[in-house]
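First to last, the sequence lines map onto chains A and B.
The first sequence begins at 1 in full-length UniProt numbering and counts up by one.
The second sequence begins at 1 in full-length UniProt numbering and counts up by one.
All C-beta atoms, glycine included, are put in the ideal place defined by N, C-alpha and C.
Structure first, then comments.
Protein chains: 2
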Amino acid sequence: MPTYKAPLRDFRFIMHELLGAEQQLAQMPFYKDNDTADGDLISQVLEEAARFVEGELLPLNRTGDQEGCVRHDDGEVTTPTGFKAAYRKYCDAGWPALDADPTYGGQGMPHLVSNALVEMLNSANVAWGMYPGLSHGAYSALHAVGSDELKNLYLPKLVSGEWTGTMCLTEPHAGTDLGIIRTKATDNGDGTYAVSGTKIFISAGEHDMADNILHLVLARLEGSPQGTKGISLFLVPKYLPTPDGQPGERNAVVCGSIEHKMGINGNATALLNFDQATGYLVGEVNKGMNHMFIMMNAARLGTGLQGLGLGEVAYQNALAYAKDRLQMRHEPRVNPAESADPIIVHPDVRRMLLTGKAYSEAGRAMAMWLALSIDTEHHHPDEAKRAEAADLVALLTPIAKAFMTDNGFNIAVQSQQVFGGHGYIQEWGMEQFVRDARIGQIYEGTNGIQALDLLGRKVLMDGGKKLQKLASVLQEFVEEHEGDEAIGDYATQLGKAAQQLGSLTMVIGQKAMQEGGAGEVNAAAVDYLRFFGHVVYGYLWARMAKLAQDKIDAGQDKDGFYLGKVQTAKFYFARLFPETKSLAATIKAGNETLAVDDRAVFGWEHNLVGA
Amino acid sequence: MPTYKAPLRDFRFIMHELLGAEQQLAQMPFYKDNDTADGDLISQVLEEAARFVEGELLPLNRTGDQEGCVRHDDGEVTTPTGFKAAYRKYCDAGWPALDADPTYGGQGMPHLVSNALVEMLNSANVAWGMYPGLSHGAYSALHAVGSDELKNLYLPKLVSGEWTGTMCLTEPHAGTDLGIIRTKATDNGDGTYAVSGTKIFISAGEHDMADNILHLVLARLEGSPQGTKGISLFLVPKYLPTPDGQPGERNAVVCGSIEHKMGINGNATALLNFDQATGYLVGEVNKGMNHMFIMMNAARLGTGLQGLGLGEVAYQNALAYAKDRLQMRHEPRVNPAESADPIIVHPDVRRMLLTGKAYSEAGRAMAMWLALSIDTEHHHPDEAKRAEAADLVALLTPIAKAFMTDNGFNIAVQSQQVFGGHGYIQEWGMEQFVRDARIGQIYEGTNGIQALDLLGRKVLMDGGKKLQKLASVLQEFVEEHEGDEAIGDYATQLGKAAQQLGSLTMVIGQKAMQEGGAGEVNAAAVDYLRFFGHVVYGYLWARMAKLAQDKIDAGQDKDGFYLGKVQTAKFYFARLFPETKSLAATIKAGNETLAVDDRAVFGWEHNLVGA
């Protein structure tokens, strides 16, 4: 049975030492006024959260996977044993309200704090964590664009956790391509709409954990244009609320089936049939895609945190096993009395472990940087600071989603490898981490789509402005530290890579504008995102190493925490960062290497792509 | 439901055009005399095999995964529906005898041919294919070192398929480290031995498909030395044969449980309890490890073929889906009448598909080169040729096992990605390929162990002699083709990488001999193997591209097969081969980056490794 200890020390290091979160939050009146910027309070909250996830959720992770969800003939769904009771405790403790707006019953804590909570939920039990995760997305969209009437009625229920939420986007024929969805809405003339259609892959789409489920549904209003510009967002509750906010009449949305999946079996992935279901317009007509992106962006960071959380817990268990499992001998002997020594002594095992540690800690730093930037975007009194933060959030979100889920999956696979044959056996739980981590690379926009979002929309669409802004931050850091004894070499490597990122961006942008260059962005995007991810992680590792070395030099490293940071940074730059070398080459290869003859290479009769 | 078409055209291309197999086999009296070197016969056999695997085994793949194996209270195991009947057909058609020695009822076909059969089995149904696969390993070991008495009694049963075999190595506390096994054997004084102990992870360890199961068991004979030099190999049949070769008395080996695994669920992974079971010594006392390596080497190539087969079938299904799934638009429109175009038009989808194709086809070429080398090693009349082939087989076997299973897993993951959310749903079968492919990286010696075998034993132990031999073959090829219009650039890249492989080998070897250098081989091995794999694949792609271009130039490319090869080679060198750039950097990083402070980095009290 896997174990998990929340990385509370690392949370504190990143929040307070790396990001200076307390000072930054104190500049934001919202947190200052709510008394939620206090570092000690934040630490207490996270300690409490750690106790909850370790004690209540972790023990349900494997049983949840084994039992899965059960759909009954009437369309109702039973979640695995213990899920409902744990959710009740979660709500009773007020966790759904953590970073929610006090106007609707929220506690008004920084997003930075809920970010750490979500990482822990994902480490302990990702399938369970998706239920409140989806609710949070629904909360964000309603909060941002819902009418006061909708907000007053529904937000308190999401904030208390009594009701949960979903995102209903995908249809059988429409996944990435939401412009072709067929779900329809017609105006009932009484302020409500009749929503009809079939939605698939709806996470937390039906379950028994809450009294009501609020579906946020993309549909085309009768008479709206084709494509993404004719899509509106509707709120379709499972039970229509009574005027006093109780679940009333059953709405015409029914779970037709749940999927049998590779993993996240504790979460019900539902097919939902809407048959003239009563819905309420959220935001403006035909602005549904924009509104949904509010949820999507939150969900993308949340998905990235799944990769982070699963990588962390997989790493922790591989580390524990590597200390425990005796196999082969080492000089000097660790256990002279035993027939073998712990496998952690073998360099290749250490390589796998350090990979997990280096990616997890950098990912945590990036996620928290992003989360604090979201706080800044929403609450900083200075408009320029808000805009700057918004740009950074826009730029980093696809990286957080794709790079963290790719790394999380790879860490899970490598951590499973540390277990040898035992890693393949269900009982040990490592293979579940691999299965659970796999979905993060696929949903909420595949990682290929994230890469297109990054390169096509976030970087090239504004002529590289957002990229330039980040690049100048990096450049400043590099110039300041190039001669540094501890991290000068890292700064130099980072400076080169950042410059290369700029020149690669130019090359792709220019190619894309030439005749026949339409495919260049698509051809480069995935490798480009990975390159970019390393630049961000390199920057964060260099900063963390510098901070840590200063502490060591000041004689403040009693438990070796800072030495661990310094040595992991060294590993990162020597063993992981060099992936940029091959990525630079494959990015440059361009679409020319993909525009092959379809008939010859793929046996496809059209050959419209090839030369 | 996944589909599969055996790559018969590619088999022919590699065997006859690339390797000149017919001519080479004709030089070996064994095949010439048995009339089994004939190209047309080989093609016919493979077509027949393709029909069998496509028609009989593929349909059982998903049901086998879903049903799994069931162990009953008496220790007997029932395999999934249809497995037994398919096995009967397989035996009736004579497939177990394909490359077996005619002395014992075999057909004496080249190993090259059975290699292709095994790839197909693995594509269609890897869990099923493991039953005959293990038998083949047992056959090889018995055939090589068994006494005439054992061979005469048991080999015909393995060759006919009436009885199957297993390899019993692992114990709960001993996986990689076989020197510490506890299973004991005592001499009964009547030519038999009493074997007692517990073996785990025994693939095909108990089942209902055959009349008897022959366990080849590593055990320590009473009085033998500790460590690997005190281990002997025993044959322990489930039923002790009667003098006329029928299954007789039930032996004291019982399946105590079967594992619940991540994948290969159709294969029973058994825990076997031996309780004074009657066994027969195979080969010499205390030479069990050497004898077992006969099986292990066969099993390692067989495991590599699992990676190859699973990558191939995953690629085929991703390709079919990419042509079928309509999502987003492309100019010019493929389907002007439809709302969207097939996703194969998107460069990033093509990148994923080409990755599958490029690795699969190079892997097939390497596997067949290796298989033909095994034929040469065993049957060439010229001793020098045999020795040369044996060296190549020794060198390439760990690469075939590790590089092909790593690539196969990655292809399965990427092919699943092409399916988007549908790839995560069991119904589509893609996630099964991922789960099934994962074990190949773990068992038969983890890929980390393969890397140590390659670098430590195969390369460095003889001072680089085997490597030098291969390097000179490559060098000759490079020099001959550096100026070639079609592949000159590939030859140049290959030449550089081959030289770099040599210099990296030197650097590691020198570091390893220095004081404190004991960990250097272990620290570099995994990345070294991957680098080496690319050098081999680069060589094979360059050769295939040259051959194909010549055919095109000669006007002999009616169906575009050769153009496909030329363009896939271009993709390989532009998009996959550049991984060598980052691998060169990480190989050089050395153990210094892994010898971190154990207490600080890993929270491990010993800190024997770190500085």
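So, is residue i buried or exposed, given that buried needs 16 or more other C-beta atoms within 10 angstroms?
i                      : result
A437 of chain A        : buried
F602 of chain B        : buried
R435 of chain A        : buried
M513 of chain B        : exposed
M28 of chain A         : buried
E361 of chain A        : buried
S203 of chain B        : buried
A611 of chain A        : With a pLDDT of 44 at A611 of chain A, under the threshold of 50, the modelled position of this residue cannot be trusted; read the value that follows with caution. Under this definition A611 of chain A is an exposed residue.
Q567 of chain A        : buried
G363 of chain B        : buried
residue 612 of chain B : Examination of residue 612 of chain B is not possible in this model, given that chain B is present from 1 through 611 alone.
G530 of chain A        : The question names Gly, but residue 530 of chain A in the sequence shown is Arg. It is buried - the Cβ of R530 of chain A has at least 16 other Cβ atoms within 10 Å.
Q44 of chain B         : exposed
P243 of chain B        : exposed
T103 of chain B        : exposed
Given residue i, which residues of its chain have a CB within under 7 Å of its CB, disregarding the five upstream and five downstream residues?
i               : result
L372 of chain B : L19, A21, Q24 and L112
L58 of chain A  : Y4, A124 and N125
F11 of chain B  : L46 and A116
Q414 of chain B : M352, T355 and G356
E67 of chain A  : P80 and T81
Grab me the residues of residue i's own chain with a C-beta within less than 8 Å of its C-beta, minus the 5 sequence neighbours each way, in chain order.
i               : result
A49 of chain A  : A6, W95, A116, L117 and M120
L563 of chain A : A548, I552 and D557
T192 of chain A : T278, G279 and Y280
I449 of chain B : T176
L494 of chain B : L474, F477, V478, V535, G538, Y539 and A542
Does any residue of chain D have a CB that is nearer than 9 Å to the CB of residue i?
i              : result
G68 of chain B : The structure shown contains no chain D; its protein chains are A and B.
So if DSSP puts residue i in a beta bridge, which residue, or which two residues, is it bridged to?
i               : result
P237 of chain B : B:L214
K184 of chain A : A:S196 and A:R220
F274 of chain B : B:G197 and B:V253
G165 of chain B : B:L214
T78 of chain A  : A:V70
L282 of chain A : Just to set this straight, residue 282 of chain A is Val in the shown sequence, not Leu. According to DSSP, V282 of chain A bridges with A:L233.
A545 of chain A : DSSP output for A545 of chain A lists no bridge partner at all.
K261 of chain B : A:I425
So, for residue i: in the same chain, excluding its five sequence neighbours on each side, which residues have a beta-carbon less than 6 Å away from its beta-carbon?
i               : result
S224 of chain A : G230 and N286
T78 of chain B  : V70 and D208
F52 of chain B  : none
R386 of chain B : E377 and H380
A100 of chain A : G106 and V159
Based on Cα-Cα distance, which residue from the options lies nearest to residue i?
i               : options                           : result
A97 of chain B  : B:M109, B:Y87, B:R88 and B:A86    : B:M109
E592 of chain A : B:A574, B:A589, B:A337 and B:I508 : B:A574
A584 of chain A : A:K546, A:Y539 and A:A524         : A:A524
S147 of chain B : B:E284, B:G105 and B:V53          : B:E284
V508 of chain B : B:V334, B:G590 and B:E162         : According to the sequence shown, residue 508 of chain B is Ile rather than Val. Residue B:G590 is the option with its Cα nearest to I508 of chain B.
E76 of chain A  : A:D35, A:G248 and A:A270          : A:A270
W541 of chain B : B:A390, B:H606 and B:A365         : B:A365
Q416 of chain A : A:Q432, A:K401, A:N407 and A:A402 : A:Q432
Q316 of chain B : B:L353, B:H346 and B:F561         : B:L353
V195 of chain B : B:G311, B:A219, B:T63 and B:L319  : B:A219
Q500 of chain B : B:V596, B:L576 and B:T580         : B:T580
Y572 of chain B : A:T186, A:T586, A:Y424 and A:G205 : A:T586
D391 of chain A : A:Y139, A:R182, A:D597 and A:R457 : A:R457
V253 of chain A : A:K261, A:F274 and A:Q246         : A:F274
Which of the residues in the UniProt domain "Acyl-CoA oxidase/dehydrogenase middle" (167-276) of chain B, read from start to end, lie with their CB under 9 Å from any CB of chain A? Per Cβ criterion, the list reads T170, H173, A174, G175, T176, D177, G179, I180, I200, F201, Q226, E259, H260, K261, M262, G263, I264 and T269.
Mind checking the region 426-449 of chain A against chain B and listing, in chain order, the residues whose C-beta falls within less than 8 Å of any C-beta there? Q426, E427, E431, V434, R435, R438, I439, Q441, I442, Y443, T446, N447 and G448
What residues in the region 572-586 of chain B have a beta carbon less than 7 Å from any beta carbon of chain A? A574, R575, P578, E579, K581, S582, A585 and T586
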